[in-house]
Amino acid sequence: MTKLFKHLKPFVWAIIFIFVLLFAQAMLDLSLPGYMANIVNIGIQQNGIANAVPEAVSVTEFNHISIFLTSDQINQIKGDYIVLDKQSLSASDYAKYVKTYPQLANENIYKINTTNKKEIASLNTIFSHSLPVVANLEQNAAATFAQFGIPYTAGQDPFAVLAQLPPAQQAALQGAAQTQINAIAPDLLTEYSVAYLTIEYKALGMNTGAIQHRYLFNIGEIMVLITLASAACSVTVGYISARIAAGVGRNMRKQLFVRVESFSNTEFDKFSTASLITRSTNDITQIQMLLVMLFRIVFYAPIIGIGGIFKVLGSANSMLWIIGAAVGALITIMVVMFLIVLPKFRSMQALIDKLSLVMREQLTGLMVIRAFNAQKHEEARFDKANQDLTKTSLFVNRAVLVFLMPTMMFLLNAVMILIIWVGAHEVNAGTMQVGNLMAFMQYAVLIIFAFLMISIVFIMIPRASVSAVRISEVLETEPVIVDPAKPENFRSDLKGVIEFKDVAFRYPGAEDDVLKHITFTAKPGQTTAVIGSTGSGKTTLINLIPRFYDATGGAVLVDGVDVKKVTQHDLRDKIGYVAQKAVLFSGTIESNIKYGNENATAEEVAKYAEIAQATDIIKESEKGYQTLVSQGGTNLSGGQKQRLAIARALAKKPEIYIFDDSLSALDFKTDMALRKALKKETGDATVLIVTQRVSTIMGAEQIVVLDNGEIAGVGTHRDLMKNCKVYQEIALSQLSKEELA
Amino acid sequence: MTQSNDTPRRDNKPAFGPGRGGPMGPHPGMGGEKPKSFRKAMKTFLKYLAPYRVSLALVLIFAIAGTIFTIVGPKMLGNATTKLFQGIVAKVMHVPGATVDFHYIGRIAIILLILYVASAIFSFIQGYIMSGIAMKVTYNFRKNIAEKIKRMPLKYFDTKTHGEALSLVTNDIDTISNTLAQNLSQIVTSVTMIIGILVMMLTISWLMTLVAIVILPVSFGLITMVIKASQKYFKQQQVYLGHVDGHVEEMYGGHTVIKAFNGEAKSIEKFDGLNTELYGAGWKSQFLSGMLMPIMTFVSNIAYVAVVILGGFLAVQGTISVGDILAFIQYVRSFTQPIMQVANIANVLQSTAAAAERVFEFLDAEEESPDPVDAVKPAVVKGNVSFKNVSFGYTPDRVIIHNFSAEIKPGQKIALVGPTGAGKTTIVKLLMRFYDINSGSISIDGVDIRKFKREDLRGMFGMVLQDTWLFNGTIRENIRYGDFNATDDMVVSAAKMANVDHFVRTLPHGYDLELNEESSNISQGQKQLLTIARAFLADPKILILDEATSSVDTRTEILIQNAMLELMKGRTSFVIAHRLSTIRDADIILVIKDGDIVEQGKHEELLAANGFYASLYKSQFEIAPADSL
């Protein structure tokens, strides 16, 4: 997994930017429930009045309040307020103020004259500790006075009564009020104060409805802006992460492809072609998907989860345990699920593969199965695979979809109920407001979902990390065949001489050599045939010439120079190679022939096609040389492909021709015609032919007989028939004595 | 079989469409492939569901009940909140004796808990039944397909690849299975959810409901816009991905050729071009499809804000309560999900119908003609085979065998000779009734082969093909394929006759060695010997042999030849000949060119005729002249 990060390096600033944006988005998203809480707490419950600091208060009421304030406090307040006086105000000012405060017509009013937040907070403490007492006196005067044994008749002004009391009694009363106040939670004090203010504002003739509306609209505006900003963050993150994911995919794909193109056959053997293809296609796609997820979920979920916890930390510590318990339960359920389901889930893929295998076998063996009347047997085999798969996928389905989803839903709902129940007590105690309770519920949902996401990601990551490992395996494999640091040149006086000097070859990790003590020379203008049974090392031998593999002992020389000492490009320029299994590329017939030589003229292409006996393929189709060749040449038969592959090698006009059993797919007549035409074309070139058919190489100038990786004989057909037992054995198994004569 | 024929090709069927997920991740709301006739496919599909109608009805009831219970939740939770709010406000307002009504809140909590438990249980039961049905239906579909293959004429696969049939069992059935297990009950719950939420919203406030609903078309419009834009790039991406993957496959497959022709630079250059194209389409598609979520969240947040603000006003007026706002927020939040699902369901159903259609088409495909009712039971087979005026063509418009007649006596050896690809196996396929002849007749021991049951007819033959078909099982099981009632001793003695016993005993687990998927843990020659052992065990009266032993080493080849000679003793044998000895010894040589039997007779007769056979024969054994390679 860590290897993946290397590929992210070029994008490190973009990723940091994503982090910043995600953080911003999370903060914005997390602030929404807080605003909702404000709407409920202040907008609805407190009629849009945010705190206990009055915007305006009549002088009479202010005097009532002053009774419960120290002189310092009174001075502080007076410093922050101005007095609106009908007499001293200018006409225009008066007209303005009387509109807002109609009561100004009858009495003087204190109006707040500061916007300093610190000052307001300080004032809030003062007012929230005094306003509830005043309110209590105004509303419950009789009960309050009765408590202290002070005579009071209904209808009396409680403040007048209070003013007539002896100072000692007054102080005792005030002290008692303060103790009571101090016992009340601050949230509740604010609410009490706001209740008082609402009445006072109404008394001043202010439009309390408008205050409330203004507050609601303000919050709404902020929320819309936050939502917009959050969406903008999210879209930007989407844009950047899409570019990074696709960019990393592109870079890795390119690196991988270039690396694989530099591989020799040894590395191809090690990984197998199919596996290299999967690594270059599917595995990279997996990584790309993982990256997108990484940026959008893996990064985001923890931010929102932790951020959510911080949000609730301040306001509702006492209910944190609910979220903790929920997350704990969630993790427990997930862990248990994975322990049970994951092994089954893994075996599912194997069962699916098994089912397709059995199915494929039934399709490829259609004839054999019917010939042996084995339908019943096959039916049973398929049924077993089918049942195994059905059972397992039913289990997985039920565990994940059927059990997990309702359980998660229930967990979430249960948390809601718990929050309401516990929260109600908190609210009752005044340690929390209803709006905060509602916000808490939403934070809980966000946090739990974040953890759910994280746990889901934990399943996905191992799958993608398998891909990452498979990709880096390829990238970290250095090809064993590389060009020399100081390449030499071929000897200019030689043209196409191949010399094997005591060559040995061993596959990596094998115990034994495949080839041992191979020594022979192939000369220009001559045909050298290599014959031997399967596994005798024929193909391996010729693969050493173009350096598809490197000899592990001795040396292969081309034109007097060890092939390891020249560049691969120069070496292969000399060679026209036709593989055992013809491979064509998608394109046209012409483009395939021209693959040997891009500059071949139309006449040359036609000539080579003719030599290779490929003209019938071209004539058969209306489009001639422009006939399309599908990927892998699947629209052509083996023989047709083989002939085009030969034409391709001819187009290269090489010094050395190598035919690796290339003619086996042709019928005898075509084979013979092709050989005759080839002989004329190859002229002075060196020809190496690998074959199993004795009849086709009886005319060769030199035959190398291989047996178990060693040379059993070198010579002409006639020589070998006399003195090489292995050659005789091969020859006699194919042709009768008379024919061999 | 060639590999390309077996593996379903990636580019045959682009992987977009719901449930499948494109290579760059699931792509919501993508239009999948469209069925030819949605109605017909769905109608047939429903027929397959008919046996489960009682269970399905239960699923429906449980799904609706479970959903309704959850829908009621927020409203009740809201009521509890309102009660709490009222209690606290009253307290603030110094209403005498005012306190929070914990009794009421507690009762609601308990009722809610019961509701939620019930809802969880309901959806559990619903899912349990539904996944059971889905699996049963899927199981049966697969079984039907497998059984169908057995009844299909070989002809079917002349025009269809194995990959197509394979993809039915894997991809198509998978799509159907997913739809059944997930989407079907999802439709029910989503629709219930939408209706239920609407009703609940209306009970709270029609004005707020209106606001919430007005937002719907806006979000629908936005979604459609984004999907349309991203679909273009998504398709492009699929195409380009196909190009890149295709190039990779091709280049890796032809690696040695590229090296031999110094084509690396050119290949990388082409790759670069394709890769850059893919990058461009890739990030655009990813970005646009990734816009869906933020847009949905944005719309949902706007709805949230609208609801909160409007709710605030209404609460101030006293039209609704604080708890109602809370409930409404939850409703608005859970409104978008089912709507997205319902919007997507059309696509899901469409691609399901397309998948189902392919499955039904396959299941409805023409089968082999039924066996005759009054089938002749073969007595002891002597091995007399006669062809009378046989004409045949793989397609009606192209007859390849014209008026062929031959009389073959028991124990005779018939060699089929001809150039590669001339159609030497056609006669074999006709004999075993893999194909039916157009006119004339083929009879065994005087009985027309069409009068036998196919099973009985094929039981008379033993077959050893060049394409050694072995399956992923033990060696013992593979040999026993010749006769399922054979004892272990019989299997071993058949192996001995096929000269393979010794070899098998040298293997890690002997007869119990499990052949791997490509049977690559034993060699080609050994595979051929195993199929010969299989034929020995079957002990048929008539043999079909393909002699080709290319890519087999000399010593194994001798073993195979000897085993085949032994096998042919006393049996009528049709030999697809590649070897001199077989051809010259043959009682009848059938010379095949372009599918037709152009000459027939003994070796000497045919040589004397100096026709196609003679030239073929001469060229085969001509010593390469000095002027050839």
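So the sequences go chain by chain: A and B. The numbering used here applies: residue 14 is where the first sequence begins, and numbers increase by one. The numbering used here applies: residue 693 is where the second sequence begins, and numbers increase by one. A virtual CB, placed ideally from N, CA and C, is assigned to each residue, including glycine. Owing to the predicted nature of the structure, the values given are computational and were not obtained by experimental measurement.
Taking only the alpha-carbon atoms, compute the straight-line gap between residue i and residue j and give it to the nearest angstrom.
| i | j | result |
| --- | --- | --- |
| residue 343 (chain A) | residue 162 (chain A) | 60 Å |
| residue 757 (chain B) | residue 805 (chain B) | 15 Å |
| residue 766 (chain B) | residue 773 (chain B) | 10 Å |
| residue 1248 (chain B) | residue 1218 (chain B) | 8 Å |
| residue 972 (chain B) | residue 579 (chain A) | 40 Å |
| residue 150 (chain A) | residue 171 (chain A) | 7 Å |
| residue 714 (chain B) | residue 295 (chain A) | At residue 714 (chain B), the pLDDT of 34 sits below 50, so the modelled position is not reliable; the number obtained from the coordinates is stated separately. In a straight line, the C-alpha of residue 714 (chain B) is about 11 Å away from that of residue 295 (chain A). |
| residue 32 (chain A) | residue 456 (chain A) | 21 Å |
| residue 445 (chain A) | residue 451 (chain A) | 11 Å |
| residue 258 (chain A) | residue 305 (chain A) | 6 Å |
| residue 64 (chain A) | residue 355 (chain A) | 55 Å |
| residue 941 (chain B) | residue 559 (chain A) | 23 Å |
| residue 1259 (chain B) | residue 686 (chain A) | 37 Å |
Ignore the nearest five residues each way along the sequence and tell me which others in residue i's own chain have a CB closer than 7 Å to its CB.
| i | result |
| --- | --- |
| residue 424 (chain A) | 339, 342 and 343 |
| residue 665 (chain A) | 589, 609 and 610 |
So, does the CB of residue i fall closer than 7 Å to a CB anywhere in chain A?
| i | result |
| --- | --- |
| residue 935 (chain B) | no |
| residue 1309 (chain B) | no |
| residue 715 (chain B) | Because the pLDDT at residue 715 (chain B) is just 34, under 50, the model does not fix this residue reliably, and the point stays unresolved. |
| residue 789 (chain B) | no |
| residue 823 (chain B) | yes |
| residue 756 (chain B) | no |
Measure from the C-beta of residue i to each C-beta in chain B and report whether the shortest distance is under 7 Å.
| i | result |
| --- | --- |
| residue 582 (chain A) | yes |
| residue 383 (chain A) | yes |
| residue 47 (chain A) | no |
| residue 716 (chain A) | no |
| residue 403 (chain A) | yes |
| residue 567 (chain A) | no |
| residue 520 (chain A) | no |
| residue 509 (chain A) | no |
| residue 59 (chain A) | no |
Quick one: what's got a C-beta closer than 6 Å to residue i's C-beta in the same chain, skipping five residues either side?
| i | result |
| --- | --- |
| residue 17 (chain A) | 481 |
| residue 1135 (chain B) | 1078 |
| residue 308 (chain A) | 31 and 254 |
Apart from the five residues just before and just after residue i, which ones in its own chain have a Cβ nearer than 8 Å to its Cβ?
| i | result |
| --- | --- |
| residue 700 (chain B) | Note that residue 700 (chain B) has pLDDT 34, beneath the 50 cutoff, so the model's placement of it is unreliable and the number below is only indicative. Once the five neighbours on either side are set aside, the close Cβ partners of residue 700 (chain B) are 855, 856, 858, 859, 862 and 863. |
| residue 797 (chain B) | 772, 775 and 776 |
| residue 27 (chain A) | 253, 256 and 257 |
*Identify each residue in the segment 334 to 346 of chain A for which the Cβ-Cβ distance to at least one residue of chain B is less than 8 Å, and report them in chain order.*
none
*For the 8 Å Cβ check, are there 3 or more pairs between the segment 324 to 341 of chain A and the segment 969 to 985 of chain B?*
no
_Any contact between the segment 550 to 558 of chain A and the segment 525 to 539 of chain A? By contact I mean 3 or more CB pairs, one from each, below 8 Å._
yes
_Three or more C-beta pairs below 8 Å linking the segment 493 to 507 of chain A and the segment 269 to 281 of chain A_ = yes
*Name the residues in the segment 308 to 319 of chain A whose C-beta lies less than 9 Å from a C-beta of chain B; which are they?*
309
*Is the segment 690 to 705 of chain A close to the segment 513 to 522 of chain A, with three or more CB pairs under 8 Å?*
no
*Got a sec: which bits of the segment 868 to 889 of chain B sit with their beta carbon under 7 Å from any beta carbon on chain A, in order along the chain?*
873 and 874
*In the segment 241 to 267 of chain A, which residues sit with their C-beta less than 8 Å from some C-beta in chain B, listed in chain order?*
241, 243, 244, 247, 248, 251, 252, 254, 255, 256, 258, 259, 260, 262, 263, 266 and 267
*asked:* Please identify, using Cβ separations under 8 Å, the residues of the segment 767 to 781 of chain B that lie next to chain A, in order along the chain.
replied: 769, 772, 773, 776, 777, 779, 780 and 781
*Between the segment 238 to 245 of chain A and the segment 927 to 945 of chain B, do three or more beta carbon pairs fall short of 8 Å?*
no
*Identify each residue in the segment 346 to 371 of chain A for which the Cβ-Cβ distance to at least one residue of chain B is less than 9 Å, and report them in chain order.*
365, 366, 367, 368, 369, 370 and 371
*At a Cβ cut of 9 Å, what residues of the segment 434 to 460 of chain A count as close to chain B, listed as they run along the chain?*
434, 436, 437, 438, 440, 441, 443, 446, 447, 448, 450, 451, 454, 455 and 458
*Do three or more CB pairs link the segment 896 to 911 of chain B to the segment 1013 to 1027 of chain B at distances below 8 Å?*
yes
*Can you find at least 3 beta carbon pairs, one from the segment 728 to 740 of chain B and one from the segment 839 to 853 of chain B, that sit closer than 8 Å?*
no
*Taking only beta carbons into account, state which residues of the segment 1051 to 1075 of chain B come closer than 9 Å to chain A, listed in chain order.*
none
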